[in-house]
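Colleague:
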Amino acid sequence: MQRRLPHLPCAPAFFAAWFLAIYGVGWVSLNHAVAQSPSEQSPAGITIIPSMVQRASSNHWTPLKVVAVNRGSQDRNELISVYVDGEPKVQFAADVWVPAGSQRQAWVPVLVPPQTEVGRVNIPITSMMLQSGPDGETLRPDWTDAATIKRSLLLTEDEINTGLISDPPTIDLDGTEVYRIDHLTKLIDVGRTSAIQNSMELPNIAFNANFLPDTHGALDQLDQIVIAGNSLRHDTAGLLAVRRWLRRGGRLWIMLDQTDEDIVRDLLGDDAVFDIGDSTMLNQFELQSFNAVGSNDAVSETWESESPVEFVRVFTSSEDISSSIDGWPAAFWQSVGDGEVLFTTLGGEGWLNSQRGPMNGFTYFSRRLFEPHVEPFDSVAAMAPLVNEQIGYQVPSRSTAAFMMITNTVLIAAGGLWWMRMKRLERLAILIPAVALLTGGAMLWIGKSNSGSIPTTIASGQLVVINEATQEADIQSTYAVYCQDETPVELSSKADIFVQPLEWASNRTKRAQWSGSGENRWIQPEQPPGTVENWFSNTSMFVTNSTNTSDIGSMPTMLTGSFNETGFVGNLEHASSMKLEDAFLASFPAPSCSAKVAMSDKDAAITVGPDAVLTAGQFVDATLLDDTQTRRQALLRQLFESGEQSFLKDGVQLMFWSDPQDIGIGVSEAFDRIGTSLVSIPVKLRAPEPGTRVRIPATFIKTESFTKSRGMSSLFNPRNGQWLTDVTKSTETDLLFRLPPELGDVAITRVNVSMRIAAPERTVAIKAVHGDQSTTVFEIDSPTGLQSFSIDDESVLDASINGGIVLTLSVSSPIDGAPEAADSVVISQQTPQTNVPHPIVGEIETTNKTWQVDSFIIDVEGVAK
C-alpha cells in the first residue's frame, strides 16, 4: 500500500517563502553579532548541579559540577562562587576558562557546615557569577538576568552511601548488559539490607562516567565503594582518589571475577596480597564461612544451579579469610591504612541462593562491609599546640652569651696586662665596672630587641607516614600563621593539595578559589596584626625511589634490617639529606625502643639494642629534656593514646623528627617559615643467616592473650596493651608472645623478662607453658616495682608448639588468708581483626587489697636455623 504525504497548498511557493524568512533572520542575526563588541556578546551560560555523588552530610566535602557553555566567538574566563546554607562569609569558587563556541565541565568542592536540626533532608546552596572591575568584584547576572541562583543538596546524615564503579553499559541485543547491571545492583542491595537494620531509601551511586570527579574531597560522602569492572584502567586521577579515600578509613569491595588483576595492583600496589592461579566454572560447591561475631566453627552450606558461576582461584597471604571453597579463598580481607578491602573471587550469582536467599557467608561479610565510614586518624588537633608554641620571640643563643662573656674577659685581661706593664693597676677599678656595664647593656639590648618584635611567621608541623606498598607519603600538616602587622596572607597550594582553616567560623569573608589546573588559593582580607590563625592540609604525594620521580624530593621509604647478637641492625637508604632527631622504633601496643643513628655518605645505619626499651609514655632517650623535646614527647603521648585506630598498629616503624617537607603551599613573601615534621617509615625484616646468634628486642614481639581450657583472662587487653588496674582477686593470665614471622625458625636459648608490678602481700609466679605442661620459672612475694629475670631452660622455650612463647602470670590471694569467692564470671569478647571470639574470665572483687601490673615485656635470644 502506498503512503500518501499530507497535502500542502502551493508547496513550491510555501517552501520558497519559508527559506527566505529563515535566511533573512539568520543574515540579520549574523550582522548583529559581527557588529557587537566582545564585551557586548552574551555571557557564557553557567549551570551548577550536584555531581554524581549527590550526597551531603555534616563536616564533609561534596563536589558540585559546573557546566559552562560559551556560544560567543571569544574565549571567556568565568568566575562562579558558591556558599552553603545561607552563609556568604565562607565561599567556594571556580575560575573556569571556556573557549569560544564550546562547552566546559569543571568541579567546585563545598564543605557542608555542621547540622544541629534533626530530620533535615536538604540544605540550600547559592551560586553567583562574579566579575572584576575598577571598584573590585561585582555580581554579574547570568543569561537569565538572575544575580544569584539557589538550589539544594540532599542531606544524608544517617544513610549508608555506597558507590559502584563498573564498566559502562554497552549496546547489545541479547540483554546481557541489562542483566549484568541489574544483578550488580541487586547484589549490593541485598548485602545492604542484610547488614543494616533501618530501611535504606537511597539507591547506590553508580559512577557511569569514564572518569571520577577530580577535586578535593570528591569521595568523602561515600561509606563503601564496590569495584566490579575495569573502568578505572585509564583514570589515573580516579585510582589515586580511590586509594587515598581507602587509606583514610574507606571500605572497598573488589570483585576479582569482574576486575582485572593489573588494575587492582595499580590501585593497591604491594597491598594487593594475592596471586591469581586460574578460573573455573562451578555448578555446585560447598561454601565454608566464618561469622565475625559468632563461634569459632565454620558454617557450611551448599549451592547448586544449572547455570554455572565463575570462581577465580587465588593464592593469598591474608590471614583474614571470610569464606572458602575446597580450601580456596572465596572472600578475604586486607587492611590498607585506616581502611580495609574485601576481595571476593566467587561470581555474584554464587552468593545468592535462588531458594534460600543470600548465602550465610555473604551475610557475614556484608555486616562488616556496610558500615559507616571510619573517621581517619587525625593528628591536626594534637599538632596545633606544638606549632603555636613555635610562634614567639627568640631567646638569645648560648653562643651569643658565650661571645659576650669571652669579650668581657678578654677586655679585662688585656687592660690588666697593659696597666701591669705600665704599673698602673689601680685603673682596673675603673675598667672592670665599665666593661661589666658595657657587656650587661649589650645583653639587655639584645634581649629587648628579640623579645619586643615577633616576626611575621608561618610555622608548620607535619606527620609524614610512608606507605611503601605504593611509594607514597600521607602528609598531615598543621600551620600557625602569625602577622606582626596587618598583612595579606595569600595562601595557595598546587593541585591535589588544599589548605583550609582549622576553625571555619570567622568575622572575615573567606573564599577558596580553584583554577582550571586544580591549583587553589584563598581570597580574604588582610589578617589583623598580633593574631594567630591555624590552618591544615591532608594530602598524599609520591616519594622518590629508583624507578619514579618524586613530588617531595629524595626521601627513604623503607628501613631494611635483620637481627644479630646485639639486637636489630638496619640500613635506611637515601637518608643522607635528611635530619634524624630523637629516633625510635614503635609498634603499637608493644613498647618502643630508642634507636641509634650513624650517618654515612648516602644512607643511615640504625641499631637498636635490648637495653633501649623506653618506658610507657617515653619517646626520647634522655634524662633531661629541652623545651623542644618536651613538646615533642607531649605530642607523641597524644598520638599513642589513639594508636589502636592509627597507622601505629601497622607493624614496626622507625619514627624520627626532621625538617618539614615542601608540599607546595604558597604564602606571602613577608612571612618567615619555620617548622618540623614527625616521620614514620615502615621496617622490613630479613631472615638472618643460619647459625647466626640473634637477640630480638621487645618492640618486634607481639603480645596476645592465650586461650586455655579455663578461658581468657580480662586482665590484659591485647588491642591497646593495657592492664586492668586495682585488681582484687587472685588470677592466672596466659600470654602468648609471637616472634616476627620473617625471622624464620629460631632455636630459643634465653628469654629475658621485665615486669613492673605492685602486688603487696601476694605471691607472684611466672610459669612457662610447653605443650600440656607448665613449669614455674620465677616466684616472688610482695613484689613492688621492676622485676627482671631470665629463663634459660631450653626445654620450656619451644616456640613451635603454640606459635610462640606462652607465659602464665599467676597472682595468689593475700598471704594473710583473706577469704575469696570461688566463682568467676564468663563474658564474651571479640578479638579485633580476627574471626575468633574468645571468652573472658571476669574477676569478682572480694577484698580491698588491690594489685596491678603496669608492664610485662620480654626480649628473646637464640640461634637462627
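Residues 1 to 865 in this note's numbering are what the sequence shown lists, from first letter to last. Backbone N, C-alpha and C define an ideal beta-carbon position, used for all residues, glycine too.
Sort L239, I801, T144 and T116 by Cα distance to G45 and report the nearest one.
Modeller: As a position in the sequence shown, residue 45 is number 45, starting the count at 1. Answer by Cα proximity: T144.
Colleague: Could you spell out the range, first to last residue, of the alpha helix (DSSP H) harbouring Q638?
Modeller: Within the sequence shown, residue 638 is the residue found at index 638, counting from 1. D627 to E641 is the span of the alpha helix (DSSP H), which, as asked, contains Q638.
Colleague: Spatial neighbours of V273 within its chain, please: CB distance less than 6 Å, with the 5 preceding and 5 following residues excluded, ordered by chain position.
Modeller: Translated into positions along the sequence shown, residue 273 becomes position 273. The residues are T316, S317, S318 and Q334.
Colleague: For D158, tell me which candidate among E644, N70, Q115 and H234 has the shortest Cα-Cα distance.
Modeller: Stepping through the sequence shown from its first residue, residue 158 is reached at position 158. Comparing Cα positions, the closest option is Q115.
Colleague: Report the residue from G675, T733, I748 and L715 whose alpha carbon sits nearest the alpha carbon of T860.
Modeller: If you number the sequence shown from 1, residue 860 lands on position 860. Correcting the residue type first, residue 860 is Val in the shown sequence and not Thr. Of the candidates G675, T733, I748 and L715, the one whose C-alpha sits nearest the C-alpha of V860 is I748.
Colleague: Among G516, S782, M383 and V751, which has the Cα closest to the Cα of S790?
Modeller: Counting from one through the sequence shown, the residue named residue 790 turns up at place 790. If we check each option's Cα against that of S790, V751 comes out closest.
Colleague: Considering just the uninterrupted stretch of the beta strand (DSSP E) at G252, what are its terminal residues?
Modeller: Residue mapping note: residue 252 aligns to position 252 of the sequence shown, counting from 1. The question names Gly, yet the displayed sequence has Leu at residue 252. Its beta strand (DSSP E) spans residues R251 to M255.
Colleague: By the DSSP assignment, the alpha helix (DSSP H) with V264 in it spans what residues?
Modeller: Position 264 of the sequence shown holds residue 264. Note, V264: alpha helix (DSSP H), E261 to L268.
Colleague: Would you call the stretch 471 to 485 and the stretch 522 to 535 touching, i.e. three or more CB-CB distances under 8 Å?
Modeller: Because the criterion of three Cβ pairs below 8 Å is met, the stretch 471 to 485 and the stretch 522 to 535 touch.
Colleague: For D734, which residues does DSSP report across the bridge?
Modeller: Residue mapping note: residue 734 aligns to position 734 of the sequence shown, counting from 1. Note: D734 sits in a beta bridge opposite T808.
Colleague: Identify whether K702 lies in helix, strand or coil by the three-state DSSP scheme.
Modeller: Along the sequence shown, read from residue 1 onward, the residue named residue 702 stands at position 702. Note: K702 maps to strand in three-state DSSP.
Colleague: Put N848 into one of helix, strand or coil per three-state DSSP.
Modeller: Your numbering for residue 848 matches position 848 in the sequence shown. N848 falls in the coil class under three-state DSSP.
Colleague: For V53, which residues does DSSP report across the bridge?
Modeller: In the sequence shown, residue 53 corresponds to position 53, counting from 1. Answer by DSSP bridge pairing: none, since V53 is not bridged.
Colleague: If I follow the unbroken beta strand (DSSP E) through T156, where does it start and stop?
Modeller: Here residue 156 refers to the residue found at position 156 of the sequence shown. Element bounds for T156: n/a, residue is neither H nor E.
Colleague: Between I840 and V613, what straight-line distance do the alpha-carbon atoms span, to the nearest angstrom?
Modeller: As a working mapping, residue 840 is identified with position 840 in the sequence shown. As a working mapping, residue 613 is identified with position 613 in the sequence shown. With a pLDDT of 41 at I840, under the threshold of 50, the modelled position of that residue is not reliable, and no figure is offered here.
Colleague: Measure from the alpha carbon of V900 to the alpha carbon of each residue in V863, A759 and I225, then state which is nearest.
Modeller: Outside the displayed range of the chain (1 to 865) lies residue 900, so it cannot be described from this structure.
Colleague: Less than 6 Å between C-beta atoms, sequence neighbours within five positions excluded: which residues of the same chain meet that for S562?
Modeller: The residue given as residue 562 occupies position 562 in the sequence shown. The answer, listed in chain order, is R686 and P688.
Colleague: Determine the burial state of G163: buried for a count of at least 16 other Cβ atoms within 10 Å of its Cβ, exposed for fewer.
Modeller: For this step, residue 163 is matched to residue 163 along the sequence shown. Buried, because 16 or more other Cβ atoms sit within 10 Å of the Cβ of G163.
Colleague: Would V410 be called buried (16 or more neighbouring beta carbons within 10 Å of its own) or exposed?
Modeller: Along the sequence shown, read from residue 1 onward, the residue named residue 410 stands at position 410. Looking at its Cβ environment, which holds fewer than 16 other Cβ atoms inside 10 Å, V410 is exposed.
Colleague: On the DSSP bridge assignment, give the partners of A893 in chain order.
Modeller: Residue 893 lies beyond the stretch modelled for the chain, which goes from 1 to 865, so this question has no answer here.
Colleague: Report the three-state DSSP secondary structure of M655 (helix, strand or coil).
Modeller: For the purposes of this step, residue 655 is taken as residue 655 along the sequence shown, with counting starting at 1. Here M655 sits in strand by DSSP.
Colleague: Taking just the CA atoms, how far does Q773 sit from M541?
Modeller: The residue given as residue 541 occupies position 541 in the sequence shown. The residue given as residue 773 occupies position 773 in the sequence shown. Going by the C-alpha atoms only, they are around 53 Å apart.
Colleague: Return the chain-ordered list of same chain residues with a C-beta closer than 6 Å to the C-beta of T478, the five sequence neighbours on each side being excluded.
Modeller: Counting from one through the sequence shown, the residue named residue 478 turns up at place 478. So the list reads V380, M383, A384, V387, G461 and F536, once near-sequence residues are dropped.
Colleague: In the DSSP assignment, find the alpha helix (DSSP H) that holds P385 and state where it starts and stops.
Modeller: Start at 1 with the first residue of the sequence shown, and residue 385 comes out as number 385. Element bounds for P385: V380 to N388.
Colleague: Check whether the Cβ atoms of L64 and V82 lie closer than 8 Å to each other.
Modeller: The residue labelled residue 64 in the question sits at position 64 within the sequence shown. The residue labelled residue 82 in the question sits at position 82 within the sequence shown. For L64 and V82, yes; Cβs fall inside 8 Å.
Colleague: Alpha carbon to alpha carbon, how far is R247 from K702? Give it in angstroms, no decimals.
Modeller: Reading the sequence shown from its first residue, position 702 is the one you call residue 702. Reading the sequence shown from its first residue, position 247 is the one you call residue 247. When rounded, the distance between both Cα atoms is 24 Å.
Colleague: With DSSP as the reference, please indicate the residues paired to V694 in a beta bridge.
Modeller: Taking the sequence shown and counting its residues from 1, one reaches residue 694 at position 694. According to DSSP, which records beta bridges pairwise, V694 is partnered with G862.
Colleague: Where does D278 fall in DSSP's three states?
Modeller: Residue numbering aside, residue 278 sits at position 278 when the sequence shown is read from its first letter. In this structure, D278 counts as strand in the three-state DSSP scheme.
Colleague: Determine the extent of the alpha helix (DSSP H) in which W514 is found, giving its start and end residues.
Modeller: The sequence position of residue 514 within the sequence shown is 514, counting from 1. No alpha helix (DSSP H) contains W514, which is instead part of the beta strand (DSSP E) from K510 to W514.
Colleague: Does the Cβ of P589 have 16 or more other Cβ atoms within 10 Å, making it buried, or fewer, making it exposed?
Modeller: Within the sequence shown, the letter at position 589 stands for residue 589. By the 10 Å Cβ count, P589 comes out buried.
Colleague: Skipping 5 residues on each side, what residues in its chain have a beta carbon closer than 8 Å to that of A870?
Modeller: Limits of the chain in this structure are 1 at one end and 865 at the other, which puts residue 870 out of reach.
Colleague: Take A495 and list the residues in its own chain whose beta-carbon comes closer than 7 Å to its own, dropping the five residues that flank it on each side.
Modeller: The count along the sequence shown starts at 1 and reaches residue 495 at position 495. S517, G518 and E519, listed in sequence order.
Colleague: By the DSSP assignment, the alpha helix (DSSP H) with D474 in it spans what residues?
Modeller: Here residue 474 corresponds to residue number 474 of the sequence shown, with the count starting at 1. No alpha helix (DSSP H) holds D474; the beta strand (DSSP E) holding it covers E472 to C483.
Colleague: For I49 versus V84, is the C-beta spacing smaller than 8 Å?
Modeller: As a first step, residue 49 must be located in the sequence shown, where it is residue number 49. As a first step, residue 84 must be located in the sequence shown, where it is residue number 84. No.
Colleague: Candidates F285, M558, G570 and L184: which alpha carbon is nearest V679's?
Modeller: As a first step, residue 679 is located in the sequence shown; it is residue number 679 there, counting from the start. Residue M558 is the option with its Cα nearest to V679.
Colleague: Below 8 Å on the Cβ atoms is my contact criterion, and I expect A759 with W851 to pass it. Report the Cβ-Cβ distance as a whole number of Å.
Modeller: Along the sequence shown, one-based indexing puts residue 759 at 759. Along the sequence shown, one-based indexing puts residue 851 at 851. Between W851 and A759 the Cβ distance is about 4 Å, and since that is below 8 Å, they are a contact.
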